[in-house]
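What follows is a set of notes on a single structure, which appears directly below.
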């Protein structure tokens, strides 16, 4: 017998034991035990009830002189080109204020956190840990990558390219690497509690892992069948990065983000085109990791009924061939188990009984 209990909607999380309160009474089920959520994890869940605005925070210790004038000029020009009806005749400083790069603070213009990260000469002067650490496991090599977002993206991708080169190209497509690094910096947690954590890139012999602080935000559930990330934790930073110059994965001029693009779907497309397995995504509330594997990895199910219903709760349907592959069982054994689940009313067929394209879904 398997019970599938759907998660609460994001704006109702965390579920907790009422008389203990959210901090003491919230748990994550792990195997046969319960792990109490940390204060940080509870805060991130509660934060999903509203739009975070940490990326609009005024960095009062900084000034306009801490920003790259050439980058600011490009931002102004791009905004005028994109929205001429609003910005066509507007002064540059006013455009930068209206687009969240600068803000009025103590009678002068100061950068916002998003503006400093995108256009700062050296943002780590004010936020030392808002950077990237790249580690090549097994070699002792570790590199800290500092600077504004476009510089960190370009540098990280170049460093990966040097280490991923093979006889016929690269171990992983550079476009996927580029999008993954951008995704980590765009969606990471910039709250005061999260600013002590870095984006981590770990290169292993068989995989590449990119981890950023902060879990998925609100409705930003990773669903390949629908639309990838559907909500933005850092809306102001995202808007700024759409006008921030940065070379693409092939070194061509562009911006950090193309308006309207969804990074995780682009990553899937790039990996598929290169014949690589899909990225594996883990959301731990306090962090999100994105993992690229060199080869397809099959972890066989250990509890057929539970694992199948869990997989079907996350997808519309699953093909018989995939069920056989994931279970590691023979076709005849799988069919027998599926019949028992059908008889119990847990699942149903989607095609005629003997169809070679048989798929299964949870019973409606």
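In the working numbering, the protein residues as written are 794 to 1157.
Virtual Cβ for every residue (Gly too), placed ideally from N, Cα, C.
Remember, predicted model here, so these are calculated numbers, not experimental data.
Nonlocal neighbours in the same chain, by C-beta distance under 7 Å from residue i, ignoring five residues either side
i            : result
residue 1171 : Past the boundaries of the shown model lies residue 1171; the chain is included only from 794 to 1157, so the question cannot be answered.
residue 990  : 922, 1006
residue 869  : 885, 888, 889
residue 834  : 1078, 1079
residue 937  : 924, 926
residue 900  : none
residue 988  : 920, 922, 923
residue 1199 : Beyond the ends of the chain as shown, which are 794 and 1157, falls residue 1199; an answer cannot be given.
residue 995  : 928, 930, 1002
residue 1045 : none
Integer Cβ distance of residue i from residue j, believed to fall under 8 Å
i            : j            : result
residue 913  : residue 860  : 6 Å
residue 904  : residue 852  : 5 Å
residue 906  : residue 983  : 6 Å
residue 1032 : residue 893  : 6 Å
residue 986  : residue 1084 : The pair is not a contact, with the Cβ atoms about 25 Å apart (cut-off 8 Å).
residue 831  : residue 1079 : 7 Å
residue 954  : residue 974  : Between residue 974 and residue 954 the Cβ distance is about 12 Å, and since that is not below 8 Å, they are no contact.
residue 776  : residue 1063 : Residue 776 is absent from the model: the chain starts at 794 and stops at 1157.
residue 965  : residue 978  : Not a contact, Cβ separation roughly 18 Å.
residue 915  : residue 940  : 7 Å
Check whether residue i and residue j have beta carbons under 8 Å apart
i            : j            : result
residue 926  : residue 935  : yes
residue 971  : residue 1067 : no
residue 1109 : residue 1154 : yes
residue 765  : residue 942  : The structure shown has nothing for residue 765, since the chain only spans 794 to 1157.
residue 933  : residue 998  : no
residue 976  : residue 848  : no
residue 1086 : residue 1142 : no
Paired residues, beta bridge with residue i - DSSP
i            : result
residue 1161 : A question about residue 1161 goes unanswered here, because the residues of the chain that appear run from 794 up to 1157.
residue 904  : 895
residue 1080 : 1006
residue 1099 : Answer is none; residue 1099 lacks a bridge partner.
residue 913  : 860
residue 1093 : The partner list for residue 1093 (beta bridge, DSSP) is empty, contrary to what the question assumes.
residue 1057 : Residue 1057 is not bridged to any residue.
residue 1048 : 1038
residue 1073 : 1084
residue 1155 : 1140
residue 820  : 829
Close Cβ partners of residue i (< 6 Å) along its chain, the five nearest in sequence each way excluded
i            : result
residue 880  : 872, 873, 888
residue 1021 : Low confidence applies here, because residue 1021 scores a pLDDT of 45, under 50, leaving its location unreliable and the question unanswered by this model.
residue 902  : 857, 895
residue 993  : 926, 1004
residue 850  : 906
residue 1178 : Coverage of the chain is limited to positions 794 through 1157, which leaves residue 1178 absent and any answer about it impossible.
residue 829  : 820
residue 864  : 912
residue 1052 : 1035
residue 1075 : 1082
Same chain, Cβ closer than 8 Å to residue i, neighbours up to 5 away in sequence not counted
i            : result
residue 1077 : 1008
residue 1150 : 1112, 1144
residue 813  : none
residue 1047 : 1038, 1039, 1040, 1041
residue 866  : 885
residue 1071 : 1017, 1061, 1064, 1065
residue 1137 : none
residue 1036 : 867, 868, 871, 872, 875, 892, 1048
residue 1104 : 1111, 1119
residue 1019 : Only weak support is given to the placement of residue 1019: the predicted model assigns it a pLDDT of 44, under 50, and the question is left unresolved by the model.
Chain B within 8 Å of residue i, Cβ atoms only
i           : result
residue 820 : In the displayed structure, chain B is absent; only one protein chain is listed.
Can you list the alpha helix (DSSP H) stretches of 4 or more residues lying completely in the segment 959-1046, in chain order? If we require 4 residues or more, the alpha helix (DSSP H) runs fully inside the segment 959-1046 come out as 967-980, 1028-1034.
Let me know the beta strand (DSSP E) ranges lying completely inside the segment 846-900, each 3 residues or longer, listed in chain order. As far as the segment 846-900 is concerned, its whole beta strand (DSSP E) runs of at least 3 residues are 895-898.
Which ranges would you report for the alpha helix (DSSP H) in the segment 1105-1150 if only whole runs of at least 4 residues count? The qualifying runs are 1113-1120, 1124-1136.
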